[in-house]
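J.: Residue numbers (my numbering), protein chains in the order written: chain A, 346 to 854; chain B, 7 to 343; chain C, -16 to 301.
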């Protein structure tokens, strides 16, 4: 008997059919991969299963019985636990209190038994490779360890189904191994696991079955071992396989000319920040796209932010177009032609409550004003130019940015950066979380901008995007530059090899 | 030794982790015990510099004066740990006093019941509005501040009627003492201890921390967030009403003009005691130290005599600024590690 | 079909009410008063109402700017008290000197608040709490705890004089309303302020001088409060540091909130704020005219604040 059965479930939001007659079956002891592009309906399906959303249509059966969960708590009580991408625990509370919150052991007086709680927490977490002091606030642990605590908590509450949403995105390789060990154990105990991830290697290592969603429909479901990798990618992207083999998956053009003799437009030297960055040095020439490669936590985002003045440096020096800014503030950085597109678009990029117009004009207000008074005519000219150039789809320039799609929000953000007339453009995951069409447009835009002589620094965890987009790749690991790929060696294989070669010996196993 | 570090971890990382833990402990201790340390220093200096400070009577006076603020600050501590704030307590304090004095004509029990029921209900309204409509706590309780004051004036003939306490047992509670220390001090002490147990040794207490630490996460972890929020505002209302009642017992009447700024004194005491206004962390022991510290300062100002008593406000304000600035710095220090 | 139109209208109403509800309420209240309150439509009555509301409007303007940055300023009443306490001390050097000193006190308080919020990174409610508590104490200490009469004719004229038949006080408030509205709509500073309220981190990364803007906002708020303080002294012809501006932070926040400025920042409704202050003034006046006691007025105010915030609250975004 299947553990969990979703049959013909549909869910519609205003304007979007998020799930269209989706069926999904999870058997006991099965690790089931749930894959699909952003917007394919994965998170909606998870939210239907966990009681966050109610389906418009269709049925949910859990352990053979029809089920309807009104809230995530109902689902959790029934034995369906979710480990979210961002850890959902209480950072200021101690590790053991987090582990036991809501089910603390009590003594005869009905008061919480702290001693027992700490002892048990220590014993349980040791099984997950967490050995830090369990009396410390959870927030002081590394992200991986925090995620293990979340997992331990889920398993502790007698979960029969564990849903993992991108569980490895913030883990170190060693932690991934621990996680896989735990998953195997859960698998042996007959717990069903829904595993959402974009890392194909992981899927093929750990998952038994796969369900692929595209545009709210199930396009494939079956044993993962029977499905070729290239076919999996093709099903996700919905392209012809031959096309993928021929073209590659990105919209970057393959031929480019960079004047290798030109003086660098950006020179970052000796960037050092306590614990995170160690003596990072690299150059970018006009018209060049330099990729920053490395695993999550290697210091790529920090490097970009540090250059833009938004991350504190203890030492180091940033030069733009021959001007030595030392360690610039954000204001100095922007004034001198550095434009940073941060990774977290909603939190650090757009101002959701302001219009497209205001967002685009935000950084150039002094340029479009006289004596502190803004000129609407000049703003309109700029807004018009960039809305056309970037093909920003908004009902009008006065539409709120918060109401736009992810791709258009990203374009608005890029328009703001371009309006400042940057000499150097620092892009952190420019195509994450945006639809395929917008992704291609952003990628060709990067090419165009480089062709105009702007120096571009590109961070992307999509290896293909990085390799095809960059002329040169600087590889980071643990805040140190461990290699640079140039010319013919800008390939996925070389990138992986450089990252792997950089691994300290004790991890080579 | 609490760290059992995994063997394969590189030595440098171990050293880093240890150092981070150590800093965290030190910083945490300063945050929790800072007010106590300052209190001790101030008391020691006062003992040396002011002969009158030394007397037992003076100590008893300080404690009696500190009892009502202590009760209010106790409730406020719970509210602030959930990440909220309760600005209505000053009004509830006055309302509680008037109600207690008025109800004392119906007996000892009524003198307690009336303020507790009414202030508790206002707490329910505060909590329900905050928990169920997601309106900002400060605006809801600001409205309650006005509303409770209106109510107080409505029952006291626009503030002109001062009810006298009619019940002797109730009056005795305000003026009698046990072992030379006023009853209200014992009452406050008992409630403080109960509050400590409630906060640190019960599920409710842990849930209070969880709600303040991260509301969304707490909800996903099964904490009944809304009920917890209603709970803390009810507690705060009840304690403010009770504080008003024992003050009325002491004064022998329900005075209608006290209490403006009482909520801010309570917030100041809680914050000085190391509770984060952002929620998620704090202790009642710290709040006790904070209340006593402000009480001692007030007492010293009175002792010096010819100093304008408004200096008390100036000193509280300066102290508050100093403490929150120091706290922000300490929290930053903790985060970096 | 009918249900569809119905849901559409309720949704429209939800968007419309926080923006324009305050004007509707004013119209209704004025109509009620015209018919049921004797002597409401007399010039002397309107004059009194305007004079009384002027300080609240001035303080609320600053508060609206601060709230637009997702902040709050609890210290405005203390600033009024400080300004009031300083005036009698410096009147001997002339009105200009006294006004200048009281404005400088506003600048100083604003700088402290602004630095605590922008540089130290305190929550605004905490940062301004310190001066709320300490500021009035200091003002009372400065004034020696006594009510001082003000006899300077220039200052008295400022408080009770007319210009073109309208009180100077009201002129000052009106000019300040226009200036603040202009600043919010047309200046770089105004646009930056709104962006900071909308998403502070993003504006930082966009290279905006966030800290400078924030400090300026708090300074403006305090200066406006000190103007209100000195106008109050000029009007009542005496300075009482323990009473001037008591609880005005409540009235100001109420005016801003009732006027439709969200507490979550990113938007400032200047005219709405003025309307909010007028509405509260009208409510109080109406109740007094109909012999309702102050207690009822306070309860009514409480209900209005709650309704305004409830109507304007952001729907849980998820």
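C-beta: ideal position from N, C-alpha, C; glycine also.
1. Alpha carbon to alpha carbon, what distance is there between residue 186 of chain C and residue 410 of chain A?
2. Quick one: list the residues of chain A neighbouring residue 40 of chain B, beta-carbon separation under 8 Å, in chain order.
3. Which residues, in chain order, does the region 511 to 522 of chain A contribute to contact with chain B at a C-beta distance below 7 Å?
4. For residue 523 of chain A, collect the residues of the same chain with a Cβ closer than 6 Å to its Cβ; drop the 5 residues on either side in sequence, then sort them by chain order.
5. Answer with yes or no whether the minimum CB distance from residue 687 of chain A to chain C is below 8 Å.
6. Residues in the same chain with beta-carbon distance under 7 Å from residue 191 of chain B, minus the five sequence neighbours each way, listed in chain order, please.
7. Quick check: the Cα distance between residue 657 of chain A and residue 617 of chain A, rounded to an integer number of angstroms?
8. Count the other CB atoms, across all protein chains shown, that sit within 10 Å of the CB of residue 793 of chain A; report buried if there are 16 or more and exposed otherwise.
9. Would you list the one or two residues that DSSP bridges to residue 537 of chain A?
10. How is the beta strand (DSSP E) around residue 426 of chain A delimited, first residue to last?
11. If distances are taken between C-alpha atoms only, which option among A:703, A:533, A:469 and A:399 comes closest to residue 720 of chain A?
12. Since residue 400 of chain A and residue 436 of chain A should fall inside the 8 Å C-beta cutoff, what is the C-beta to C-beta distance between them, to a whole number of angstroms?
13. Quick one: does residue 262 of chain C have its CB under 8 Å from some CB of chain B?
14. Can you list, in chain order, the residues of its chain whose CB lies under 7 Å from that of residue 381 of chain A, leaving out five sequence neighbours each side?
15. Is there at least one Cβ from chain B nearer than 8 Å to residue 797 of chain A's Cβ?
16. Would you call the region 414 to 429 of chain A in contact with the region 494 to 512 of chain A, where contact means no fewer than 3 C-beta pairs closer than 8 Å?
17. Leaving out five residues before and five after residue 281 of chain B in sequence, what residues of the same chain have Cβ atoms less than 8 Å from its Cβ?
18. Rounding to the nearest angstrom, what Cα-Cα distance links residue 99 of chain C and residue 326 of chain B in this structure?
19. DSSP state of residue 271 of chain B, grouped into three classes?
20. State the beta-bridge partners of residue 326 of chain A as determined by DSSP.
21. Check the Cβ-Cβ distances between residue 145 of chain B and every residue of chain C, and say whether any is below 8 Å.
22. If we count the other Cβ atoms within 10 Å of its Cβ and call it buried at 16 or more, is residue 363 of chain A buried or exposed?
23. Rounding to the nearest angstrom, what Cα-Cα distance links residue 854 of chain A and residue 540 of chain A in this structure?
24. Have a look at residue 204 of chain B and residue 211 of chain B and give me their C-alpha separation to the nearest angstrom.
25. Going by C-alpha to C-alpha distance, which of B:309, B:162 and B:35 sits closest to residue 100 of chain B?
26. Expressed to the nearest angstrom, what Euclidean distance is found between the alpha-carbon atoms of residue 172 of chain B and residue 274 of chain C?
27. Cβ atoms of residue 302 of chain B and residue 44 of chain B: under 8 Å apart, would you say?
28. Quick one: does the C-beta of residue 101 of chain B sit closer than 7 Å to a heavy atom of the ligand FAD?
29. Check whether the region 114 to 122 of chain B and the region 246 to 253 of chain B are in contact - that is, three or more C-beta pairs closer than 8 Å.
30. Could you pull the DSSP bridge partners for residue 50 of chain B from this structure?
31. Note the first and the last residue of the continuous beta strand (DSSP E) segment covering residue 684 of chain A.
32. Just the chain C side, please: which residues come within less than 8 Å of residue 388 of chain A by C-beta, in chain order?
33. Residues in its own chain within less than 6 Å of residue 650 of chain A by CB, not counting five upstream and five downstream?
34. Can you check whether the C-beta of residue 509 of chain A is within less than 8 Å of a C-beta belonging to chain B?
35. Distance cutoff 8 Å, beta carbons only. Does residue 170 of chain C sit that close to anything in chain A?
36. Chain C beta carbons: is any one of them nearer than 8 Å to that of residue 710 of chain A?
T.: Considering the structure as presented:
1. Cα to Cα, residue 410 of chain A sits roughly 52 Å from residue 186 of chain C.
2. When 8 Å is used as the limit between beta carbons, residue 40 of chain B is near no residue of chain A, the shortest such separation being about 17 Å.
3. So the list is empty, because no residue satisfies the distance condition.
4. The residues are 474.
5. By this cut-off, residue 687 of chain A is an interface position.
6. Non-local beta-carbon contacts of residue 191 of chain B in its own chain, meaning distances under 7 Å to residues more than five positions away in sequence, involve 69, 70 and 73 in chain order.
7. Each residue's alpha carbon lies about 9 Å from the other.
8. Residue environment for residue 793 of chain A: exposed (fewer than 16 other C-beta atoms within 10 angstroms of its C-beta).
9. Its beta-bridge partners are A:506.
10. Looking at the DSSP string, the run of the beta strand (DSSP E) that includes residue 426 of chain A is 425 to 428.
11. Of the candidates A:703, A:533, A:469 and A:399, A:703 places its Cα closest to the Cα of residue 720 of chain A.
12. About 33 Å; that fails the 8 Å criterion.
13. Interface criterion not met: the Cβ of residue 262 of chain C is under 8 Å from no Cβ in chain B.
14. Result list for residue 381 of chain A: 387, 557, 558, 559 and 581, in chain order.
15. Not a single C-beta of chain B is nearer than 8 Å to the C-beta of residue 797 of chain A.
16. Contact holds: three or more Cβ-Cβ distances are below 8 Å.
17. Excluding sequence neighbours, residue 281 of chain B sits near 83, 86, 87, 287, 288, 289, 292 and 293.
18. Cα-Cα distance, rounded: 12 Å.
19. The three-state secondary structure of residue 271 of chain B, taken from DSSP, is helix.
20. The question about residue 326 of chain A has no answer here: the residues shown for chain A are numbered 346 through 854.
21. Proximity of residue 145 of chain B to chain C, defined by a Cβ-Cβ separation below 8 Å, is satisfied.
22. With 16 or more other Cβ atoms within 10 Å, it is buried.
23. Caution is warranted here: a pLDDT of 36 is assigned to residue 854 of chain A, below 50, making its placement in the model unreliable, and no coordinate value can be reported.
24. Roughly 6 Å between the two C-alpha positions.
25. Checked all of B:309, B:162 and B:35; the closest Cα to residue 100 of chain B is B:162.
26. Inter-residue distance for residue 172 of chain B and residue 274 of chain C is about 32 Å (C-alpha atoms, whole angstroms).
27. Going by C-beta atoms, residue 44 of chain B is not nearer than 8 Å to residue 302 of chain B.
28. With respect to the ligand FAD, the structure offers nothing, as it holds no ligand at all.
29. The region 114 to 122 of chain B, when compared against the region 246 to 253 of chain B, does touch it at the 8 Å Cβ threshold.
30. Residue 50 of chain B is not bridged to any residue.
31. Following the DSSP letters along the chain, one finds residue 684 of chain A inside the beta strand (DSSP E) bounded by residues 683 to 686.
32. Within 8 Å Cβ-Cβ: nothing; residue 388 of chain A doesn't reach chain C, min ~12 Å.
33. Answer for residue 650 of chain A: 656, listed in chain order.
34. Not one chain B Cβ lies under 8 Å of residue 509 of chain A.
35. Yes - at least one Cβ of chain A is within 8 Å of the one on residue 170 of chain C.
36. Cβ-Cβ to chain C under 8 Å: yes for residue 710 of chain A.
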